[in-house]
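J.: Each residue of the sequence shown is one higher than the last, beginning at 30 in the working numbering. Think of the CB as a built atom: it goes at the ideal place given N, C-alpha and C, for glycine as much as any other residue.
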Amino acid sequence: VGTRRYMSPEVLEGATEFTSFAFQQIDVYAAALVIWEVLSRTCINEENKEENVVNKLTENCENIRLTLTPPPFMLPYEAEIGTNPSLSQIREHVALRKCRPRVRPALMDNEISTCIVRTMSEMWDHEPDCRITSSCARDRSLIWLTNIRILMPN
């Protein structure tokens, strides 16, 4: 069935249909948590203004490369239910309380990360039939990648 932490609400509730589409929607939910993990470690320019100032002061120096320090790694739901929750803790948190991992506010200050967060939220909807499909998630991710390439400096 998979890693407990990434189980969808319907799997945790034991209400899984055994169809191809149902399994795809389970995977869409898990993929949303992976996207959350990536975003949770993504530095957004506005988050660390002091480092940005230093970067701007040194951007003409070829030998100096400063980067923003990403937030510490955390598993989905780790902040809420710890590093090794039981299946019943996960079921209560995800399926009964309908909680999802917290999204850093700074992610909503950036146009691309806002689009990614919006899609991620549609991927982890409590109801599998309300989640976007895997093909929709793929199509949106191709748009993000295109937009990121356009904005990336050479």
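1. Along the chain, where does the alpha helix (DSSP H) containing Y58 start, and where does it finish?
2. Measure the alpha-carbon distance for M137 versus T143 and round it to whole angstroms.
3. Under 9 Å, do Y106 and P100 count as touching if we go by C-beta distance?
4. What's the gap between the Cα of T112 and the Cα of R33?
5. In three-state terms, what does DSSP make of H122?
6. Check whether the Cβ atoms of S163 and Q53 sit closer than 9 Å, and answer yes or no.
7. By the 10 Å Cβ neighbour count, where 16 or more other Cβ atoms means buried, how is C160 classified, buried or exposed?
8. Do you know how far the Cα of I64 is from the Cα of I110?
9. Apart from the five residues on each side of it in sequence, which residues of its chain come closer than 8 Å, Cβ to Cβ, to E91?
10. In whole angstroms, give me the CA-to-CA distance for C165 and V57.
11. Out of I177, D158 and L171, state which residue places its alpha-carbon closest to the alpha-carbon of E39.
T.: Inspection of the coordinates gives the following:
1. Here the alpha helix (DSSP H) through Y58 covers S49 to S69.
2. M137 and T143: Cα-Cα distance of roughly 5 Å.
3. With contacts defined as CB atoms closer than 9 Å, Y106 and P100 fail to qualify as a contacting pair.
4. Rounded to the nearest whole angstrom, the C-alpha separation of T112 and R33 is 12 Å.
5. Reduced to three states, the DSSP call for H122 is helix.
6. Their beta carbons are under 9 Å apart, which means S163 touches Q53 by this criterion.
7. The question names Cys, yet the displayed sequence has Arg at residue 160. R160 comes out buried.
8. As the crow flies, the alpha-carbon of I110 is around 19 Å from that of I64.
9. Any reading at E91 needs caution, since the residue's pLDDT is 44, under 50, leaving its predicted position unreliable; the model's value is listed next. Correct list: empty, nothing qualifies.
10. Between C165 and V57, the alpha-carbon positions lie close to 10 Å from each other.
11. Measuring from the Cα of E39, the nearest candidate turns out to be D158.
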